[in-house]
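The sequence shown: position 187 = 187 (full-length UniProt numbering), numbered continuously.
Input: a single structure, listed below in structure tokens.
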Amino acid sequence: MNKKGVGIALFIFFCLGILAFSYSSWKQKLAGESGNSALAEGPMSEIAMMEDGSIASSEIESSTTEENTELTVSDLASLSANMDETLAGLLTDRFESDKTVKFLIVGSQAIAQGGDKGAAGILADNLTEAYRGFIETEVVAFDGTSLEFIDRMDELVDWETGYDVLLLEPFTLNNNGRVVIEDEHRHVLRIQERLQEISADARLVVMPSQPIHRPSFYATQIRSLQRFTETRGIPYIDHWQGWPDVADEDVLGYLDENSAPNDSGAEVWAGVLREYFMGDY
Numbered sequence: 001m002n003k004k005g006v007g008i009a010l011f012i013f014f015c016l017g018i019l020a021f022s023y024s025s026w027k028q029k030l031a032g033e034s035g036n037s038a039l040a041e042g043p044m045s046e047i048a049m050m051e052d053g054s055i056a057s058s059e060i061e062s063s064t065t066e067e068n069t070e071l072t073v074s075d076l077a078s079l080s081a082n083m084d085e086t087l088a089g090l091l092t093d094r095f096e097s098d099k100t101v102k103f104l105i106v107g108s109q110a111i112a113q114g115g116d117k118g119a120a121g122i123l124a125d126n127l128t129e130a131y132r133g134f135i136e137t138e139v140v141a142f143d144g145t146s147l148e149f150i151d152r153m154d155e156l157v158d159w160e161t162g163y164d165v166l167l168l169e170p171f172t173l174n175n176n177g178r179v180v181i182e183d184e185h186r187h188v189l190r191i192q193e194r195l196q197e198i199s200a201d202a203r204l205v206v207m208p209s210q211p212i213h214r215p216s217f218y219a220t221q222i223r224s225l226q227r228f229t230e231t232r233g234i235p236y237i238d239h240w241q242g243w244p245d246v247a248d249e250d251v252l253g254y255l256d257e258n259s260a261p262n263d264s265g266a267e268v269w270a271g272v273l274r275e276y277f278m279g280d281y
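What follows is the structure in structure tokens.
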């Protein structure tokens with residue numbers, strides 16, 4: 001082979017060598033990029049992130065958030081600050097025993113009227129949120145008198161649940177002209193007795209029925225109920241203080257045509273209850 005032929009052959013081999021090296025380098029680059037992509041998308045990225053602390057930090061933050069959703073002793077003290085001392089003590093006892101509080105609201109149909117759920121439903125939702133599941137609430141709204149409720153209360157209420165707190169609206173407006181004051185009071189005591197047959201330290205709390213415009217004998221019933229509860233040491237929540245004066249026509253703006261709470265009435269009623277059971281929450 002002459003020198004020219006040898007030169008051409010060497011040049012060809014040199015070009016082939018460069019092509020082979022370039023191809024090899026290109027494949028390695030692709031493999032590297034593919035590996036980096038898998039690292040970003042696959043489990044290896046989690047390992048790398050854990051090593052540099054970001055995942056560990058995230059887990060700590062998540063754990064802290066979860067812990068913050070649990071009720072604390074300080075939270076409980078703040079929420080129960082406006083309660084009767086014995087009632088607040090009962091909640092503390094259940095909390096320290098790692099038990100939930102079974103809370104029952106009983107009353108006439110008025111407690112469930114106004115808005116979607118009425119004052120009772122609003123309070124139930126507020127209790128769940130404020131106490132973070134520590135209080136479990138049930139509502140029994142009964143369209144009748146206190147006497148009719150007493151006759152059917154074992155049918156209407158599952159007493160075996162062992163309720164810790166019973167918030168009672170004792171059907172006073174429904175009783176008007178149908179059940180005498182003294183009998184209503186006896187019915188309140190019978191309900192308290194039934195409550196405590198299952199849980200001896202359970203607490204009864206009483207609230208009046210809704211106000212109406214210019215009540216006559218009904219106002220006498222309400223005053224008598226409040227005096228009765230004070231005499232018996234039963235906590236009484238006077239939510240009438242949150243409504244316009246009953247002598248003022250403004251109160252009609254909180255009632256429907258049947259003197260039942262409308263949306264505004266339910267909110268006012270629930271607001272006073274919320275202040276009692278949840279403090280400044």
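We put the beta carbon where it would ideally sit given N, CA and C, even for glycine.
All of these numbers come straight from a predicted model, not from anything done at the bench.
- Taking the Cα of Ile198 as reference, the smallest distance to any Cα among Val73, Val157, Thr145, Asp125 is reached at Val157.
- Among the bridge pairs identified by DSSP, Lys99 is matched with none.
- Cβ-Cβ distances below 6 Å link Met278 to Leu79, Ala130 in the same chain, with the five nearest sequence neighbours on each side left out; the list follows chain order.
- Setting aside the 5 residues that flank it on each side, His187 is surrounded in the same chain by Ser146, Leu147, Ile150, Pro170, each with a C-beta closer than 7 Å to its C-beta; the list follows chain order.
- Taking C-beta separations shorter than 7 Å and ignoring five residues to either side along the sequence, the partners of Thr229 in its chain run Val206, Tyr236, following chain order.
- In this structure Asp164 is buried. Its beta-carbon is surrounded by 16 or more other beta-carbon atoms within 10 angstroms.
- One thing to note: Ala110 has its Cβ no nearer than 9 Å to the Cβ of Gln221.
- With a 10 Å radius around the Cβ and a threshold of 16 neighbouring Cβ atoms, Val268 comes out buried.
- For Pro215 and Val272, the gap between their C-alpha atoms comes out near 21 Å.
- Taken atom to atom, the span from the alpha-carbon of Trp243 to that of Val179 is near 26 Å.
- Judged by beta-carbon spacing, Phe103 lies within the 9 Å limit of Glu138, meaning their Cβ atoms are closer than that value.
- Per the coordinates, the alpha-carbon of Val246 lies some 27 Å from the alpha-carbon of Gly233.
- In this structure, Ala270 sits near Asn126, with a CB-CB distance shorter than 9 Å.
- A distance of 9 Å or more separates the beta carbons of Leu195 and Leu225.
- For the pair Leu173 and Tyr218, the CB atoms are nearer than the 9 Å cut-off.
- Each residue's CA atom was taken as its position, placing Leu71 and Asn176 some 42 Å apart.
- Looking at Asp183, Leu168, Glu182, His213, the one whose alpha-carbon comes closest to that of Gln192 is Leu168.
- Note on Gly121: 16 or more other CB atoms within 10 angstroms of its CB, so buried under the neighbour-count rule.
- Annotated three-state conformation of Glu275 is helix, per DSSP.
- A buried status is given to Arg203, since no fewer than 16 other beta-carbon atoms sit within 10 Å of its beta-carbon.
- Under the criterion of beta carbons closer than 8 Å, Ile105 and Leu90 do not qualify as touching, at roughly 16 Å.
- Sequence-distant Cβ neighbours of Glu249 in its own chain, meaning closer than 6 Å and more than five residues away, do not exist here.
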